[in-house]
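So the mapping is simple: my numbering equals the position in the sequence shown, first residue as 1, plus 2.
Positions of the beta carbon are idealized from the N, C-alpha and C atoms, including for glycine.
Have a look at the structure below before the remarks.
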Amino acid sequence: MALPVLYSLRNCPYAMRARMAIFKAKLVVELRDLVLSNKPAEMITASPKGTVPTLVLPTSTVIDESLDVMLWAFNESDPDNLLSEDTKEASLALVSLFDQEFKPSLEAYKCAKRYHEDNLLECRETCENYIINLEKRLSQHDYLIDNNERMADIAILPFIRQFAKVERQWYLQSPYPNVRRWLNGYLQSVMFNKVMTKYPLWKPNHEVTKFGDI
C-alpha cells in the first residue's frame, strides 16, 4: 500500500512540528528530506508554493500547511489524546497566538542578534511577553494547556527552541525555569531525537525512507 509522502526540511520549525505530530500519531510516511535551494519538481507539482512541510496523500490530496498536517495526523490516529475535544479549542487558540504574533517577534529578535542591531533588548522584551504567558501556564500545570501533553505543546516547541538559542547565556539565566524544564524535557526525549534524525537528501529512484514511530 502506498504511503503518504512528506516533503520536509530537518531544521524548519514548521516541518519539525509536522514530523512530531506524525510520530506521536504512530503513523508512517515516506520522508523526502530536501534543501530549499533545490526543491524537487515532484514537490512543486504537488504544491506550487514550494514550502515545507508538504504532505501528499495516496489519494493525491495535498496538505501544505504545518498545522493542517498536524490535524490530519491526529484525526487519523491520536493514541495520546493530544487533540482532546476538551482542549482542542484552547490548543488551537494558543498555537494561533504564537504563529501570528510570537513568530514575527522571534524573527525580529533573531535578526537583531545576527546583524548586531541596536534594538536587540527591545526585540527580546517583545518576545518575553509571550514567554511570560508560557511560564505562567507551566507554573500551574506540567504542560501548556493542562497536566497532559496536547497539540499546542509540540506545535509551539520548535519556536521556543529557536528563542532559547538566540542569546543562549541570557536564556539559561532568565527568570523562566518552568519554560526551561518543559523545553529540556522535549529536547532530551527519545521522540525528539528520532524526529531530528538526519536522513540523506531525497533523490528520485533512491530507496524509500520511512519515517514515523517504527
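8 Å Cβ cutoff met for residue i and residue j
i	j	result
V210	F25	no
Y188	L159	yes
L140	N180	yes
L73	P6	no
P60	A4	yes
L185	R163	yes
A23	V97	no
K205	V168	no
Length of the line joining the Cα atoms of residue i and residue j
i	j	result
F76	A20	11 Å
L203	I216	20 Å
T53	D144	33 Å
Y173	Q142	21 Å
F2	K112	No answer is possible for residue 2: the residues shown for the chain start at 3 and end at 216.
S229	P55	Outside the modelled stretch of the chain, which goes from 3 to 216, sits residue 229, for which no answer is possible.
L8	K105	23 Å
Q102	N207	39 Å
N- and C-terminal bounds of the beta strand (DSSP E) containing residue i
i	result
S68	That residue, S68, is in no beta strand (DSSP E); its alpha helix (DSSP H) goes S68 to E78.
T128	Looking at the DSSP string, T128 is not in any beta strand (DSSP E); the run it does join, the alpha helix (DSSP H), is L122 to Q142.
K212	K212 to G214
Y9	V7 to S10
T199	Here T199 belongs to no beta strand (DSSP E), and DSSP marks it neither H nor E.
Contact set for residue i: own chain, Cβ-Cβ below 6 Å, skip 5 residues either direction
i	result
A110	C125
T128	S107
D155	Y145 and L146
S49	T56, V64 and D66
T89	I147 and R152
Residue interval of the alpha helix (DSSP H) (run including residue i)
i	result
V97	K90 to L99
V54	Per DSSP, V54 belongs to no alpha helix (DSSP H) and is neither H nor E.
Any chain D beta carbon closer than 8 Å to residue i
i	result
P50	The structure shown contains no chain D, having only a single protein chain.
Beta-carbon proximity list for residue i, same chain, < 7 Å, skipping 5 on both sides
i	result
Q171	none
D82	K26 and E151
A92	I147
Presumed contact (8 Å Cβ cut-off) between residue i and residue j, rounded CB distance
i	j	result
R12	K200	6 Å
R152	S86	7 Å
G214	K51	Their Cβ separation, rounded to whole angstroms, is 25 Å, which puts G214 and K51 out of contact at 8 Å.
Proximity test, residue i beta-carbon vs the ligand FAD heavy atom, cut-off 7 Å
i	result
D66	You won't find the ligand FAD in this model; it holds no ligand whatsoever.
Residues near residue i in its chain [Cβ-Cβ closer than 8 Å; skip 5 each side]
i	result
I46	G52
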